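Participant:
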Amino acid sequence: MDVRAGRSVLVAPDGFKGSLGAQEVADALAEGLREGGGAGLVVDTLPLADGGDGSIEAALRAGFAPVEVTVPGPTGVPGRALLAERDGTVVVEVASTCGMARLPGGVLRPLEASSAGLGVALREALRRGPERVVLALGGSAGTDGGLGMLTALGATDVDTDHPGGGHLEALTVLRLDDLDPPGVELVVATDVTNPLLGARGAAAVFAPQKGADPATVARLERGLAHLVAVAGAARADAEELAATPGAGAAGGLGFAGLLLGGRVVSGAELFLDLLGFDAAARGRDLVLTGEGRLDEQTLHGKLPGVVAARAGTRVEAVVGRSTVDAGTAERLGIAAVHELVTRTDADPAHDPVLTRRLLVEVGREVGERLSAPDRPGGRAES
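Per UniProt numbering, the very first residue in the sequence shown carries number 1; after that it's consecutive.
#1: For valine 134, is the classification buried or exposed, using 16 other Cβ atoms within 10 angstroms of its Cβ as the cut-off for buried?
#2: To the nearest angstrom, how far is it from the Cα of valine 42 to the Cα of valine 366?
#3: Here's a check: name, in chain order, each residue in its chain whose Cβ is nearer than 7 Å to the Cβ of alanine 49, leaving out the five neighbours to either side.
#4: What span of residues does the alpha helix (DSSP H) with valine 25 cover, start to end?
#5: Look up histidine 162 in the DSSP assignment and say whether it is helix, strand or coil.
#6: For alanine 141, count neighbouring C-beta atoms within 10 Å of its own C-beta (all shown protein chains included) and say buried if the count is 16 or more, exposed if not.
#7: So, helix, strand or coil for arginine 102, using DSSP?
#8: For the pair the segment 219-228 and the segment 83-92, tell me if three or more CB-CB distances fall below 8 Å.
#9: Below 8 Å between beta carbons: does that hold for glutamate 185 and arginine 132?
#10: Which two residues bound the contiguous beta strand (DSSP E) that contains glycine 338?
#11: What residues in its chain sit with their C-beta under 7 Å from that of glycine 261, if we drop five residues either side in the sequence?
#12: Rounded to whole angstroms, what is the Cα-Cα separation between aspartate 161 and valine 71?
#13: Under three-state DSSP, which class holds phenylalanine 16?
#14: Could you check if valine 307 is buried or exposed, using at least 16 other CB atoms within 10 Å of its CB as the buried criterion?
#15: Which residue from Glu339, Gln209, Gly164 puts its Cα closest to that of glycine 119?
#16: Since threonine 244 and leucine 259 should fall inside the 8 Å C-beta cutoff, what is the C-beta to C-beta distance between them, to a whole number of angstroms?
#17: So the candidates are Gly276, Leu241, Pro74, Ala121; which of them puts its Cα closest to the Cα of glycine 105?
#18: What is the residue span of the beta strand (DSSP E) that threonine 143 lies within?
#19: Run the CB neighbour count on histidine 167, radius 10 Å, all protein chains shown included, and call it buried at 16 or more, exposed below.
#20: Please name the residue or residues paired with glycine 79 in a DSSP beta bridge.
#21: Are valine 318 and glycine 290 closer than 8 Å when you measure CB to CB?
#22: What are the uninterrupted segments assigned as beta strand (DSSP E) that are 3 or more residues long and contained completely in the segment 166-205, given in chain order?
#23: Please classify threonine 216: is it buried, with 16 or more other beta-carbons within 10 angstroms of its beta-carbon, or exposed?
#24: Can you give me the start and stop residues for the beta strand (DSSP E) that alanine 247 sits inside?
#25: Hey, glycine 320 and alanine 279: beta-carbon distance below 8 Å or not?
#26: Quick check on glutamate 291: does DSSP put it in helix, strand or coil?
#27: Is arginine 61 helix, strand or coil when you go by DSSP?
#28: Within 10 angstroms of its Cβ, does threonine 342 collect 16 or more other Cβ (buried), or is it exposed?
#29: Taking its Cβ as the centre, do 16 or more other Cβ atoms sit within 10 Å of threonine 156, making it buried, or is it exposed?
#30: Kindly indicate which three-state DSSP category threonine 342 falls into: helix, strand or coil?
#31: Who are leucine 10's beta bridge partners in DSSP?
#32: Along the chain, which unbroken stretches of the beta strand (DSSP E) at least 3 residues long are found entirely within the segment 250-276?
#33: I need the DSSP call for leucine 137, collapsed to helix, strand or coil.
#34: Helix or strand or just coil, what does DSSP make of serine 55?
#35: Note the first and the last residue of the continuous alpha helix (DSSP H) segment covering glycine 363.
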């Protein structure tokens, strides 16, 4: 087909963490595509999320209604957060209730940071009488195994209403009766497959990113193991739940969600469904996706790989940095990788202005290529 007769591109990226959100990434790529492709190129945007930062924003853009709540942040400082509601589904997000971005001054608090804010938001979600509640796990500030969330729901006997990982070993009772409302499906959305405990668990793998030194990691691991032991009195399958892939997500909030009767699902798959990706991608000549980093995790259910598997057409990825070779990308269904770090001597990871300029540049080049009928493909730049 002569591309000048009208080609169609869907720009469907995740955000570039630390730099630009998904909407900003999509807008920059779309701007470049329109500049390079001219009037004959149809460009639409569908900013995506995978259950991490930006999940609520993505749901709101897709037509969900905002519900404002006031919740304690990870250190107890109250603040505004949003839920997203549509057709009996309410989305509750870790990042905006007890996430890293809500740490005062950005100071990491590995023992004090609590998930209580998520529990408060979950209470409000359940009060609205939904058929389904989605817990979007990602970006958590703490490693409390969901102790804060469970305390906010009235399930624990700890002597504070804002417990963090440092309080885990003080827990003696966990009351789970009546915490699984009949008729409400609880969905735990994450792209993390780690169990709660052990070398691949929440403390060992993720707590160092949240400020934990080796001694603190060891203390958190003991606390999480204690949580499992206490939970065993309320649920005979507590150890099995702790070993479930995804139980270690968001500092162990995956485990708490499982204790409440939830099921772990791929965040990328779920949000592509919620946001109507399949319909938006249908009939396109190209889907342009991306995220900040393409790496080994992409092989295990992260968003670009899921987009490539579901698009039904040519998919190219625009990323800040890639450690995936061209052959691996092609096996994932990604025909070309455009890597921003190869275009500059500076580091775009925390430079939104530079990142945006480079995204427009990539979009322009892809648009120019699509406007040339003898150049339908593209060279991978990984």
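Beta carbons are placed, not taken as given, at the ideal position from N, Cα and C, and that holds for glycine.
Since we're looking at a predicted model, the values are computed, not measured.
Facilitator: Per the coordinate set shown:
#1: buried
#2: 13 Å
#3: Asp14, Ala22, Ser55, Ala58, Phe271
#4: 22-37
#5: coil
#6: buried
#7: helix
#8: no
#9: yes
#10: Residue 338 is actually histidine in this sequence, not glycine. Its beta strand (DSSP E) spans residues 336-339.
#11: Asp180, Leu186
#12: 12 Å
#13: strand
#14: buried
#15: Gly164
#16: Going by Cβ atoms, the distance from threonine 244 to leucine 259 rounds to 11 Å, so no, they are not a contact pair.
#17: Pro74
#18: First-last for threonine 143: undefined, no H or E at that position.
#19: buried
#20: Val71
#21: yes
#22: 185-190
#23: buried
#24: Neither: alanine 247 is in no beta strand (DSSP E) and is coded neither H nor E.
#25: no
#26: strand
#27: helix
#28: exposed
#29: buried
#30: helix
#31: Asp44, Val287
#32: 263-266
#33: coil
#34: helix
#35: 352-370
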